[in-house]
Structure formats: structure tokens, C-alpha cells
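Asks: Numbers given in this note's numbering equal positions in the sequence shown, counted from 1, plus 1.
All residues carry an ideal CB built from backbone N, CA and C; glycine is no exception.
My structure is below; once you've seen it, I'll send some questions.
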Amino acid sequence: MKLAPIPDKELERIAELMKYCILDTAPDDTFDQITKLAASICNTEIALVSFIDTNRQWFKSRFGLEATETLRDVSFCGHAIMSDEIFIVPNSDLDSRFSDNPLVTGDPLVKFYAGAPLITPSGHKIGTLCVIDHVEKAIRNINISLSTQNGLLLFSVKDNGAGVPEEIREKIFDPFFTTKELNMGTGIGLSLVSTITKEHNGKIELESEMGVGSVFTILMPFDQNIQKTNNASIVPEGAQVDTKISRRILIVDDEEDLRDILTFILKKFCSNIFVSSNITEAYQSFIDNKIELVISDIKMPGGDGFKLLDKIRQNTTCAQPRFIFISGGNDITDEQSVLIKTQTDGLFSKPFQIKVITEKIKALFHEE
2 MKLAPIPDKE LERIAELMKY CILDTAPDDT FDQITKLAAS ICNTEIALVS
52 FIDTNRQWFK SRFGLEATET LRDVSFCGHA IMSDEIFIVP NSDLDSRFSD
102 NPLVTGDPLV KFYAGAPLIT PSGHKIGTLC VIDHVEKAIR NINISLSTQN
152 GLLLFSVKDN GAGVPEEIRE KIFDPFFTTK ELNMGTGIGL SLVSTITKEH
202 NGKIELESEM GVGSVFTILM PFDQNIQKTN NASIVPEGAQ VDTKISRRIL
252 IVDDEEDLRD ILTFILKKFC SNIFVSSNIT EAYQSFIDNK IELVISDIKM
302 PGGDGFKLLD KIRQNTTCAQ PRFIFISGGN DITDEQSVLI KTQTDGLFSK
352 PFQIKVITEK IKALFHEE
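Encoded structure:
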């Protein structure tokens, strides 16, 4: 194993890191959303904002990882800060620098790593934004970066792909927009990124040139007056606290992106959200969690939504839930007849606006 090297001007680099007063500070929601977005965009299990201290790497934000820090000597990020470019290890088992690294042979079982250095205006690399997975991956023709500017956190993703045609640039953030034929994929990932960003008063800027590539820049405000972790978060007296309905909602869909975006939206007003990717898991969740509303896709591998509905209706020991279907468009030709025949509470064909289904859910619960 090769230990993480020490950069030139290390004392100056550490002094620069200390100026930011960020080590051992409390979690910050803006940073947490950035790591979630990074994991989503790069399709990895783990994403981190890591700062390299004298003898450790400390995680300001972590997605998919419980540890808050590791030793610097064994860190991949310690290698990543040695260059201005993104540092990529496609398969650590095949890399002599890392094959016997304890982070590879033990938890968190790092197989793939990609880290972009966090570079200060004076040029010091104080940490990384990195993504990690347990399986070999290849991220080609893509660069990620994280920086701050005038109270904004800038998360940039650049690729050298085909570019985005001007006529569809306003549409690519819609939940179910796709350039493929109907039922050939929905491309929800960008919509989830857009939704999370807007929920935190941020915005996305897109620059694209056909045949050259695209740059997506996510700008999110963050609190620069960072508080230490030993300062408890206290809700001021008289402050309004958001109330959520306690209904238990089950989302059933084989597309992970759709489950993620529905979960993210519904959690704003409902605290009990459960997800399943197939009808077997869904039926068990219905029994175990006393589900009050099922939102189910119609076409799924291993059984469709109608079979799930029949199975639930045949259960006479559990209270019957409300039921909403979502379809891929060509699944249903006569929506009204389906509603009458199944006696369900709604049917939404893709594409649909997320706010339409959320308003329907609120109306169903208000009726009771």
C-alpha cells in the first residue's frame, strides 16, 4: 500500500484549511444535498465532502457512509489533493497503491473512487468532493468540482458528450421527459437534481454546445457562519415547526429514480414513506407497516400493479388502503374504465406534474 503523500507547502495548506474554521463543525444541509446529488449523478453508493487535516481526513458531509473521519495515511483523498485534476481509481483491487489498503480490504470496501480537489483562491487543495462505490466503474469524459462564491456553494458537472439541443434544454428537468421512445426510459435523474436544488432555494445553470459537451452548475446558498458540533440546535421559542401528516404511504415502482423523487417530494408533508421495487416486497410492506395509501406503477417485472391490488383486496385481516396507479403512457387506453373497474382513487399517466399527484394525496386524506 502506498501511503497518502504530503504536498509541497503542507504547512501553508494546513494554515489555509484552518482559516475556514470548518473542521468538526455541525452537519450542513446544503453540503448534504451536494453529496446526495453527486452520488445520484455519478450513480455511486457513497459521496463525501472531505477535508484533509494533519493526520486525518474529516467528512463535512457524507452520503452512504457512517464514519465521520479516517486516518489520512490510508485515505484516497490524500492522493486526490496532489493534483488539480480529478483523481480516479476504477478498480482498487487492480491498483498496487490501494489493493491492500484497509479501506479496500475492510469497510467501506472501496472498489471505485473518483475525487475532485477543493482548491482555494490561493491555490491550496484543502479537501475533495469524492464519489465511491463497491464495484468497478468507469467515469469517462466527466469532471466534477465544488467551490464557493459570494455565499453560494457551486457544484459543477462537465462532460464532453454530444451536448443538449437548444430546443429541449427547458424540458430536460421535467420528471418524465425523455428523447427515447415512449416506455423506453424516463430520465428522472435530472428532475430529482432540479427538485432538490429548488427545495433549497438554489438554481441550475446549463451551458451546452453541440458536439462539444455540457456544463451543469448547481448554485445553492449556504450559511458561512458555521456552528461547532457541541452547540446544540435549538428551535427558538414561538417558532413555527412544520407539521406532517402521519399517514403511511407505500410507493411501488421498479424504477429507482421515480421512487427517489416521489419519496423526496412526499416527505415534505408525510413522515411515513415506504418503498418497494416489486409486488412481493410491496405486499409484505403493506402487511408489516399498515399502509394507508399505495402508489403503484402498473407494469413491473414479476407482476403488475393490478396483481398487487388484487392481492391486497383479498386480504381480509388488514385495513384496506387507498390506491393510486401510475402508468407509462401506453399501459392504459381508457383511464376512466380502469378507475371504475378497479375502484381505485386515481390513475396518472406519465408524463405528469408531481404537484398533481401530491394535491390528489392531500385531498384524499382531507376527505377523511
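1. Could I get the ranges of all uninterrupted alpha helix (DSSP H) runs contained in the region 270-301, with 4 residues as the minimum, in chain order?
2. Quick check on this structure: which residue in SER97, SER123, PRO91, ASN102 has the alpha carbon closest to the alpha carbon of TYR114?
3. Give me the DSSP bridge partner(s) of PHE366.
4. Which runs of the beta strand (DSSP E) fall wholly inside the region 95-176 and span at least 3 residues, in chain order?
5. Do GLY304 and ASP298 come within 8 Å of each other at the CB atom, strictly closer than that value?
6. Candidates HIS125, GLU70, PRO118: which alpha carbon is nearest PRO109's?
7. Taking the C-alpha atoms as reference points, what is the distance between MET2 and LEU130?
8. Exposed or buried, which one is ALA117 when buried takes at least 16 other CB atoms within 10 Å?
9. VAL165 and ALA40 - do their beta-carbons sit closer together than 8 Å?
10. Could you give the C-beta distance for LYS112 and HIS80, rounded to a whole number, given that I count them as a contact under 8 Å?
11. Kindly list the residues whose CB is nearer than 6 Å to the CB of ALA139, restricted to its own chain and excluding five residues on each side of it in sequence; keep chain order.
12. ASN102: buried (16+ other C-beta within 10 angstroms of its C-beta) or exposed?
13. Looking only at its chain, what residues have a beta carbon closer than 8 Å to the beta carbon of LEU147, apart from the 5 residues adjacent to it on each side?
14. What separation, rounded to the nearest whole angstrom, lies between the Cα atoms of ASP29 and SER328?
15. Apart from the five residues just before and just after ARG98, which ones in its own chain have a Cβ nearer than 6 Å to its Cβ?
16. Thinking just about the alpha-carbon of each residue, which of LEU207, THR281, ARG314, ASP74 is nearest to the one in GLU293?
17. Tell me whether ILE53 is buried or exposed, calling it buried when 16 or more other Cβ atoms sit within 10 Å of its Cβ.
Replies: According to the structure shown:
1. Runs found: 280-290.
2. Counting from 1 along the sequence shown, the entry for residue 114 is found at position 113. Nearest option by C-alpha distance: PRO91.
3. The count along the sequence shown starts at 1 and reaches residue 366 at position 365. In the DSSP output, where bridge partners are listed per residue, PHE366 has none listed.
4. 113-120, 126-134, 143-150, 153-160
5. Here the question's residue 298 lines up with position 297 in the sequence shown. Here the question's residue 304 lines up with position 303 in the sequence shown. Their beta carbons are not under 8 Å apart, which means ASP298 does not touch GLY304 by this criterion.
6. Residue numbering aside, residue 109 sits at position 108 when the sequence shown is read from its first letter. Of the listed residues, the one whose Cα sits closest to PRO109 is GLU70.
7. Start at 1 with the first residue of the sequence shown, and residue 2 comes out as number 1. Start at 1 with the first residue of the sequence shown, and residue 130 comes out as number 129. Annotation: MET2 to LEU130 spans about 23 Å, alpha carbon to alpha carbon.
8. Along the sequence shown, one-based indexing puts residue 117 at 116. Under this definition ALA117 is a buried residue.
9. As a first step, residue 40 must be located in the sequence shown, where it is residue number 39. As a first step, residue 165 must be located in the sequence shown, where it is residue number 164. The answer is no: Cβ separation not under 8 Å.
10. By one-based count along the sequence shown, residue 112 stands at place 111. By one-based count along the sequence shown, residue 80 stands at place 79. The Cβ separation is near 16 Å, so there is no contact.
11. Residue 139 sits at position 138 when you count from the first residue of the sequence shown. In its chain, beyond the 5 residues on either side, PRO91 have a beta carbon closer than 6 Å to the beta carbon of ALA139.
12. Mapped onto the sequence shown, residue 102 falls at position 101. It counts as buried.
13. Counting from one through the sequence shown, the residue named residue 147 turns up at place 146. The beta carbon of LEU147 sits closer than 8 Å to those of ILE35, VAL50, ALA117, LEU119, LEU130, LEU154, LEU155, PHE156, SER157, all from its chain and outside the five residues before and after it, given in chain order.
14. Taking the first residue of the sequence shown as position 1, residue 29 is located at position 28. Taking the first residue of the sequence shown as position 1, residue 328 is located at position 327. Each residue's Cα considered, the two are about 37 Å apart.
15. Here residue 98 refers to the residue found at position 97 when the sequence shown is read from its first residue. LYS3.
16. Taking the first residue of the sequence shown as 1, we reach residue 293 at position 292. When only C-alpha atoms are compared, the closest one is ARG314.
17. Here the question's residue 53 lines up with position 52 in the sequence shown. With 16 or more other Cβ atoms within 10 Å, it is buried.
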